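Report on one structure; see the data block that follows.
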Amino acid sequence: MTRIETQGSAPSWLQNTWYQVAWSRELGRDTALTRTVLGRPLLMFRDATGAPKALLNRCPHRFAPLSAGTIAGGVVRCGYHGLAFEGSGRCVDNPHGPITSAMRARAYPVLERHAALWVWFGTGEPEGGLLPDLSFIDETPETARITGYLPTRADYQLVVDNIMDLSHADYLHPNSLGGMMTGARTSIKEDGGTVTVEWLAENCTPPPAFHSMVRPPAKADIWTEVAWHAPGLMILSTWAKEAGKARDPANLALTLHNVTPADERSSHYFFCSTRKFNVADAEFNALLGQIITRAFEEEDKPMLEKQQANMAAADFWSLQPVLLNIDSAAVRVRRMLARLIDTERTSEAATAVRGAAREL
Amino acid sequence: MTRIETQGSAPSWLQNTWYQVAWSRELGRDTALTRTVLGRPLLMFRDATGAPKALLNRCPHRFAPLSAGTIAGGVVRCGYHGLAFEGSGRCVDNPHGPITSAMRARAYPVLERHAALWVWFGTGEPEGGLLPDLSFIDETPETARITGYLPTRADYQLVVDNIMDLSHADYLHPNSLGGMMTGARTSIKEDGGTVTVEWLAENCTPPPAFHSMVRPPAKADIWTEVAWHAPGLMILSTWAKEAGKARDPANLALTLHNVTPADERSSHYFFCSTRKFNVADAEFNALLGQIITRAFEEEDKPMLEKQQANMAAADFWSLQPVLLNIDSAAVRVRRMLARLIDTERTSEAATAVRGAAREL
Amino acid sequence: MTRIETQGSAPSWLQNTWYQVAWSRELGRDTALTRTVLGRPLLMFRDATGAPKALLNRCPHRFAPLSAGTIAGGVVRCGYHGLAFEGSGRCVDNPHGPITSAMRARAYPVLERHAALWVWFGTGEPEGGLLPDLSFIDETPETARITGYLPTRADYQLVVDNIMDLSHADYLHPNSLGGMMTGARTSIKEDGGTVTVEWLAENCTPPPAFHSMVRPPAKADIWTEVAWHAPGLMILSTWAKEAGKARDPANLALTLHNVTPADERSSHYFFCSTRKFNVADAEFNALLGQIITRAFEEEDKPMLEKQQANMAAADFWSLQPVLLNIDSAAVRVRRMLARLIDTERTSEAATAVRGAAREL
Numbered sequence: 001m002t003r004i005e006t007q008g009s010a011p012s013w014l015q016n017t018w019y020q021v022a023w024s025r026e027l028g029r030d031t032a033l034t035r036t037v038l039g040r041p042l043l044m045f046r047d048a049t050g051a052p053k054a055l056l057n058r059c060p061h062r063f064a065p066l067s068a069g070t071i072a073g074g075v076v077r078c079g080y081h082g083l084a085f086e087g088s089g090r091c092v093d094n095p096h097g098p099i100t101s102a103m104r105a106r107a108y109p110v111l112e113r114h115a116a117l118w119v120w121f122g123t124g125e126p127e128g129g130l131l132p133d134l135s136f137i138d139e140t141p142e143t144a145r146i147t148g149y150l151p152t153r154a155d156y157q158l159v160v161d162n163i164m165d166l167s168h169a170d171y172l173h174p175n176s177l178g179g180m181m182t183g184a185r186t187s188i189k190e191d192g193g194t195v196t197v198e199w200l201a202e203n204c205t206p207p208p209a210f211h212s213m214v215r216p217p218a219k220a221d222i223w224t225e226v227a228w229h230a231p232g233l234m235i236l237s238t239w240a241k242e243a244g245k246a247r248d249p250a251n252l253a254l255t256l257h258n259v260t261p262a263d264e265r266s267s268h269y270f271f272c273s274t275r276k277f278n279v280a281d282a283e284f285n286a287l288l289g290q291i292i293t294r295a296f297e298e299e300d301k302p303m304l305e306k307q308q309a310n311m312a313a314a315d316f317w318s319l320q321p322v323l324l325n326i327d328s329a330a331v332r333v334r335r336m337l338a339r340l341i342d343t344e345r346t347s348e349a350a351t352a353v354r355g356a357a358r359e360l
Numbered sequence: 001m002t003r004i005e006t007q008g009s010a011p012s013w014l015q016n017t018w019y020q021v022a023w024s025r026e027l028g029r030d031t032a033l034t035r036t037v038l039g040r041p042l043l044m045f046r047d048a049t050g051a052p053k054a055l056l057n058r059c060p061h062r063f064a065p066l067s068a069g070t071i072a073g074g075v076v077r078c079g080y081h082g083l084a085f086e087g088s089g090r091c092v093d094n095p096h097g098p099i100t101s102a103m104r105a106r107a108y109p110v111l112e113r114h115a116a117l118w119v120w121f122g123t124g125e126p127e128g129g130l131l132p133d134l135s136f137i138d139e140t141p142e143t144a145r146i147t148g149y150l151p152t153r154a155d156y157q158l159v160v161d162n163i164m165d166l167s168h169a170d171y172l173h174p175n176s177l178g179g180m181m182t183g184a185r186t187s188i189k190e191d192g193g194t195v196t197v198e199w200l201a202e203n204c205t206p207p208p209a210f211h212s213m214v215r216p217p218a219k220a221d222i223w224t225e226v227a228w229h230a231p232g233l234m235i236l237s238t239w240a241k242e243a244g245k246a247r248d249p250a251n252l253a254l255t256l257h258n259v260t261p262a263d264e265r266s267s268h269y270f271f272c273s274t275r276k277f278n279v280a281d282a283e284f285n286a287l288l289g290q291i292i293t294r295a296f297e298e299e300d301k302p303m304l305e306k307q308q309a310n311m312a313a314a315d316f317w318s319l320q321p322v323l324l325n326i327d328s329a330a331v332r333v334r335r336m337l338a339r340l341i342d343t344e345r346t347s348e349a350a351t352a353v354r355g356a357a358r359e360l
Numbered sequence: 001m002t003r004i005e006t007q008g009s010a011p012s013w014l015q016n017t018w019y020q021v022a023w024s025r026e027l028g029r030d031t032a033l034t035r036t037v038l039g040r041p042l043l044m045f046r047d048a049t050g051a052p053k054a055l056l057n058r059c060p061h062r063f064a065p066l067s068a069g070t071i072a073g074g075v076v077r078c079g080y081h082g083l084a085f086e087g088s089g090r091c092v093d094n095p096h097g098p099i100t101s102a103m104r105a106r107a108y109p110v111l112e113r114h115a116a117l118w119v120w121f122g123t124g125e126p127e128g129g130l131l132p133d134l135s136f137i138d139e140t141p142e143t144a145r146i147t148g149y150l151p152t153r154a155d156y157q158l159v160v161d162n163i164m165d166l167s168h169a170d171y172l173h174p175n176s177l178g179g180m181m182t183g184a185r186t187s188i189k190e191d192g193g194t195v196t197v198e199w200l201a202e203n204c205t206p207p208p209a210f211h212s213m214v215r216p217p218a219k220a221d222i223w224t225e226v227a228w229h230a231p232g233l234m235i236l237s238t239w240a241k242e243a244g245k246a247r248d249p250a251n252l253a254l255t256l257h258n259v260t261p262a263d264e265r266s267s268h269y270f271f272c273s274t275r276k277f278n279v280a281d282a283e284f285n286a287l288l289g290q291i292i293t294r295a296f297e298e299e300d301k302p303m304l305e306k307q308q309a310n311m312a313a314a315d316f317w318s319l320q321p322v323l324l325n326i327d328s329a330a331v332r333v334r335r336m337l338a339r340l341i342d343t344e345r346t347s348e349a350a351t352a353v354r355g356a357a358r359e360l
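Chains as they are written, first to last, in my numbering: chain E, 1 to 360; chain C, 1 to 360; chain S, 1 to 360.
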């Protein structure tokens, strides 16, 4: 972690973007939340006004974790020698002498939006506008939201691959979410910075997660779309209707799948499933939540972790994967992401050269 | 593991040879056995005819372990996206489109012989004839066989050293197998690809494992011979007789000790002890089995693992061992094995050069 | 470990000095004590006269740990093949043939002084005179001594920093040892090979560990001095008196804090607190021992280990610590120690060059 912080940009992560680090509800007042993100130990807390703050969880004095100290009134005090910092990283108390400008904790811009906390690790100006529109989360009452967080010992790109290719549901989730994906008609489009993949399964047997919309023995038409935004944010839209009948526009479910790198081989997986029907039915929400969470926790996460362990430290492409047509969307995402990271690196190198030239 | 599979031959293992990976009885129908061998994650299963098969335990599509899927009718189906493979590595079902020749799981030749499963990892043609004759196992009824398997966190050469120098029995197994080896007359001979060491302890106190042949206070003559075959297979022959009396030819015990590298610092240790006397006595078999297995499991294995841990990653010779006369056989084995590995490497390099020359 | 032993001097440790490896009372007769010191696995035992001995815990024959064998009559016998060694490293029994001069276990000079065992790892002549005078330990009866040992997963220099800057007591030990250090008048002096730092807290509220000398609501004057001797030995002197009153010369407590590197990121922390008052009061000794031991075990050790974990493998200076005035003594110690290590290395290089020149 230290190496990364010291030597600058990590090699395989996009820097100038917002990364979700937590759900808002995970961070209370006068409490701390620590999480390793992009290889950095991060400390999150709220200031006196309740605004979320993020500091490198390492006192600049002797490198003790600030989380081993205390938090009160939006101020973090190191438990080793008592230096106190506010959320901006500014030192607000040095019990041993004057405060100097060098006494700064490394701070990162934080945004609280769509019930989530987002942190900016880049060198560029943080732009709130770069965040995709997730207002569907805000518009959904709590009783129609299923929110979760899964720390996963797999590279974030493997988790993205998993969502960009939902055909896995037929094999990994045959009794809950899948069964109709193999043989569905699919199409893919790229548009600016996004990759979108669509599946239409017609006249299929609806799996249990869709029974509230179509109950067997009736057959269903099920439409699913996943729109990826760099680096690891995916919005999944889906509806089901009885085969051959008209679609009820309310039958729409929107789910955020968002993956943030923890380090090179593990990630933070956040999801928030919302729907436009049965919105006040808390009991149904709990039931559906159980189906979804079980699938992610007991099926996706173990498979992703086994896949990562089986790849050990090898790069995905170096193992020469056999590509199937179901991989098209995931491969486009990997290529677009590689281009974005490459562009960012080239531009940072150019900036460094311009800076050096100015000094001559 | 991945690295090894990708980059070709491992540096310290003989390639073109048969490695025991299991006992036959360990592998049933429609079950899977996974074991890391020569740094490779291996999946073993039986085809529809019962023939054993070995695949790299990594789907060529997205590298999930095939063992996380299902096995039925001799076909392995990946649990992530449903590709199915038969034992030859050929893909027999791609639910998502046509089967192409690229869709192959890495397969390794398997031989089932002498109650064991043998796998060939080399580039050369697998030759069944390279396997030493172990028909003594087949000729021995179950009631006169003691079969075992011990995964051991020590390099396979340390385990081979252990058997090639049985003087350790006096210190490590004083109450079961040893006590008479120090001071025994020994001789060593090299013959083609084998090293054989012989011990003759005359007029000694027989240790408990020999009491069925000679019971104290009678004194015994005990003869032991170990014949090593590359890379880690040793056949131990032994008999005991009352000192000064004639030997009963039936008083012969033959034991296979076979060590297969798991990775650079751990190994699979297989043993099968057979005898030509008391062959139908299941009770005696169980008693003798307990003595032998305890010695290996509670005395050899812990010592070998402590030895390996104490050597850490250091090469054996780099630590400049003080050699005693008891080490002669083990040292000859290490040298012969090093020559064989070196010859194989040189020959593979020559083949590669010839191949390159043809392309010019 | 092996690497270090094989390749010579470790990079970051002073070699030609005495390192405390244990308290005398930790090592009985015919028992073994194993500890990793300066990256070497060490075996300590007593010879037939009771004199302490230290051997590399690795048989020169096949590298089994000697501690897996037996100790009797001051002789260690390897449990694998029976070689026996005395404390000088000389082989005293080879059951398999003649003893040769090559059959030596690596031995290290040991000194038993001041209730402690000291080992010399250097190439130079071991000089008992290099040991600082700790006769205060010998002069103190057991009922006035509090002796402890804490294995700590932190580099020894972090533990030294901790004692050289006692201001941490106000934040880490507010309810036992600290509270009056921030704002105390301090001074530092360097003298030959030592760095001494002094604190004088006047008219302060005495913390619980000082209540036997001054009990609130009375105010206290508390004086503390730490004298560092390379590489990790510190003598802490302290007294307290009622503010404004005369000092009772008996009110003196002397504590040894001694830190020995285990490896690059962990250390052995020894302490021995003595006092000149209440010397026969075993009950008071137990009570004070509890306060001190709890502070070290439950407050210092966890913080040091978190600090080390947070620094991962990074060098202290490479992380560019923000230095406060409280760091002055610790920084001087780090600089003096670096100079001593550097001088030693230069001198060893020169010796090597002279040796090579003689051979020409």
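Even glycine gets a Cβ: it sits at the ideal position worked out from N, Cα and C.
Keep in mind the model is a prediction, meaning the values are calculated, not measured.
* Asked: Can you list, in chain order, the residues of the region 287-314 of chain S whose Cβ is nearer than 7 Å to any Cβ on chain E?
  -> Met303, Lys306, Gln307, Asn310, Met311, Ala312, Ala314
* Quick one, are the C-beta atoms of C/Lys219 and C/Ala243 less than 9 Å apart? -> As a position in the second sequence, residue 219 of chain C is number 219, starting the count at 1. As a position in the second sequence, residue 243 of chain C is number 243, starting the count at 1. Yes, the Cβ-Cβ distance between C/Lys219 and C/Ala243 is below 9 Å.
* Asked: With a Cβ-Cβ cutoff of 9 Å, do S/His81 and C/Leu56 count as a contact?
  -> Residue mapping note: residue 81 of chain S aligns to position 81 of the third sequence, counting from 1. Residue mapping note: residue 56 of chain C aligns to position 56 of the second sequence, counting from 1. No, these two residues do not count as a Cβ contact at 9 Å.
* Going straight from the alpha carbon of E/Glu125 to that of E/Glu348, what length do you get? -> Translated into the one-based positions of the first sequence, residue 125 of chain E becomes position 125. Translated into the one-based positions of the first sequence, residue 348 of chain E becomes position 348. Taking the straight line joining both Cα atoms gives about 13 Å.
* If you measure from the beta carbon of C/Asp172 to each beta carbon in chain S, is any gap under 9 Å? -> Numbered from its first residue, the second sequence carries residue 172 of chain C at position 172. According to the sequence displayed, residue 172 of chain C carries Leu and not Asp. Cβ-Cβ to chain S under 9 Å: yes for C/Leu172.
* Asked: Is S/Pro321 close to chain E, meaning its C-beta is less than 9 Å from at least one C-beta of that chain?
  -> Reading the third sequence from its first residue, position 321 is the one you call residue 321 of chain S. At least one chain E Cβ lies under 9 Å of S/Pro321.
* Closer than 6 Å by C-beta to E/Glu305: which residues in its own chain qualify, once you throw out the five before and the five after it? Chain order, please. => The residue given as residue 305 of chain E occupies position 305 in the first sequence. Contacts found: Arg153, Ala154.
* Shortest alpha-carbon distance to C/Thr205 belongs to which of C/Thr182, C/Gly122, C/Ala116, C/Thr343? -> Residue mapping note: residue 205 of chain C aligns to position 205 of the second sequence, counting from 1. Of the listed residues, the one whose Cα sits closest to C/Thr205 is C/Thr182.
* Does any CB atom of chain B fall closer than 9 Å to the CB of C/Leu83? -> Protein chains E, C and S are contained in the structure displayed, whereas chain B is not.
* Asked: Tell me, which residues are paired with S/Asn175 by DSSP?
  -> Here residue 175 of chain S refers to the residue found at position 175 when the third sequence is read from its first residue. Answer by DSSP bridge pairing: none, since S/Asn175 is not bridged.
* Under 8 Å by beta carbon: chain S residues contacting C/His211 -> Within the second sequence, residue 211 of chain C is the residue found at index 211, counting from 1. Chain S residues near C/His211: none, gap ~24 Å exceeds 8 Å.
* Just the chain C side, please: which residues come within less than 8 Å of E/Asn325 by C-beta, in chain order? => To locate residue 325 of chain E, count along the first sequence from 1; it is residue 325. Simply His96, Gly97.
* Measuring CA to CA, which of S/Ser167, S/Ile99, S/Trp18 is closest to E/Pro95? -> In the first sequence, counting from the first residue as 1, residue 95 of chain E sits at position 95. If we check each option's Cα against that of E/Pro95, S/Ser167 comes out closest.
* Please work out which residues of its chain come closer than 8 Å, Cβ to Cβ, to S/Arg106, disregarding the five sequence neighbours upstream and downstream, and give them in chain order. => Sequence index remark: in the third sequence, residue 106 of chain S carries index 106 (1-based). The answer, listed in chain order, is Glu5, Leu55, Leu56, Arg58, Pro60, Gly89.
* Of all the residues that make up the region 51-76 of chain S, which are near chain C by a beta-carbon distance shorter than 7 Å? -> Arg58, Pro60, His61, Arg62, Phe63, Ala64, Pro65, Ala68
* Asked: In chain order, what residues of the same chain lie with their CB nearer than 6 Å to the CB of E/Glu264, ignoring the 5 residues before and after it?
  -> Locating residue 264 of chain E in the first sequence gives position 264, counting from the first residue. If we look at E/Glu264 and ignore the five residues flanking it on each side, it has no Cβ neighbours.
* How many angstroms separate the CA atom of C/Leu111 from the CA atom of C/Pro132? -> Within the second sequence, numbered from 1, the residue matching residue 111 of chain C stands at position 111. Within the second sequence, numbered from 1, the residue matching residue 132 of chain C stands at position 132. Distance between the alpha carbons of C/Leu111 and C/Pro132 is about 13 Å.
* Report buried or exposed for E/Glu344, applying the criterion of at least 16 other Cβ atoms within 10 angstroms of its Cβ. => Here residue 344 of chain E refers to the residue found at position 344 when the first sequence is read from its first residue. With 16 or more Cβ atoms within 10 Å of its Cβ, E/Glu344 is classed as buried.
* **Rounded C-alpha distance that separates S/Ala32 from S/Thr49** => In the third sequence, the residue the question calls residue 32 of chain S occupies position 32. In the third sequence, the residue the question calls residue 49 of chain S occupies position 49. Roughly 15 Å between the two C-alpha positions.
* To do: For S/Pro208, I'd like the list of residues in its chain whose CB is within less than 6 Å of its CB, leaving aside the five on either flank, ordered along the chain.
  => Residue numbering aside, residue 208 of chain S sits at position 208 when the third sequence is read from its first letter. Here the set comprises Ser176.
* Asked: Between the region 290-305 of chain S and the region 19-33 of chain E, are three or more C-beta pairs nearer than 8 Å?
  -> no
* Check C/Tyr80 in the structure and name its three-state DSSP category. => As a first step, residue 80 of chain C must be located in the second sequence, where it is residue number 80. Residue state, collapsed to three classes: coil.
* Cα-Cα separation, S/Ala116 to S/Trp23 -> Counting from one through the third sequence, the residue named residue 116 of chain S turns up at place 116. Counting from one through the third sequence, the residue named residue 23 of chain S turns up at place 23. Distance between the alpha carbons of S/Ala116 and S/Trp23: 4 Å.
* To do: Find the residues of chain S that neighbour E/Met103, judging by a C-beta separation of less than 7 Å, and give them in chain order.
  => The residue you call residue 103 of chain E lines up with position 103 of the first sequence. Val322, listed in chain order.
* Asked: Could you give the C-beta distance for S/Leu200 and S/Ala184, rounded to a whole number, given that I count them as a contact under 8 Å?
  -> By one-based count along the third sequence, residue 200 of chain S stands at place 200. By one-based count along the third sequence, residue 184 of chain S stands at place 184. About 6 Å; that satisfies the 8 Å criterion.
* **Among C/Ser101, C/Thr260, C/Ala282, nearest to C/Thr140 - alpha-carbon criterion** => As a first step, residue 140 of chain C must be located in the second sequence, where it is residue number 140. The candidate whose alpha carbon is nearest that of C/Thr140 is C/Ala282.
* To do: Could you please give me the residues that DSSP links to C/Gln20 through a beta bridge?
  => Reading the second sequence from its first residue, position 20 is the one you call residue 20 of chain C. Partner(s): C/Trp118.
* Asked: Per DSSP, E/Lys189 forms a beta bridge with which residues?
  -> Walking along the first sequence from the start, residue 189 of chain E turns up at place 189. In DSSP, E/Lys189 forms a bridge with E/Thr196.
* Asked: For E/Met1 and chain S, any beta-carbon pair shorter than 9 Å?
  -> Counting from 1 along the first sequence, the entry for residue 1 of chain E is found at position 1. Legend: pLDDT at E/Met1 = 30, less than 50; position of this residue unreliable, value from coordinates given subsequently. Output row for E/Met1: interface = yes.
* Since C/Ser167 meets chain S, which of its residues come closer than 9 Å, beta carbon to beta carbon? -> To locate residue 167 of chain C, count along the second sequence from 1; it is residue 167. Within chain S, the residues near C/Ser167 are His81, Gly82, Pro95, His96.
* If you count every other CB in all the chains shown that lies within 10 Å of the CB of S/Gln20, and 16 or more means buried, which is it? -> On the third sequence, position 20 is the one that residue 20 of chain S refers to. Buried, since its Cβ has 16 or more Cβ neighbours within 10 Å.
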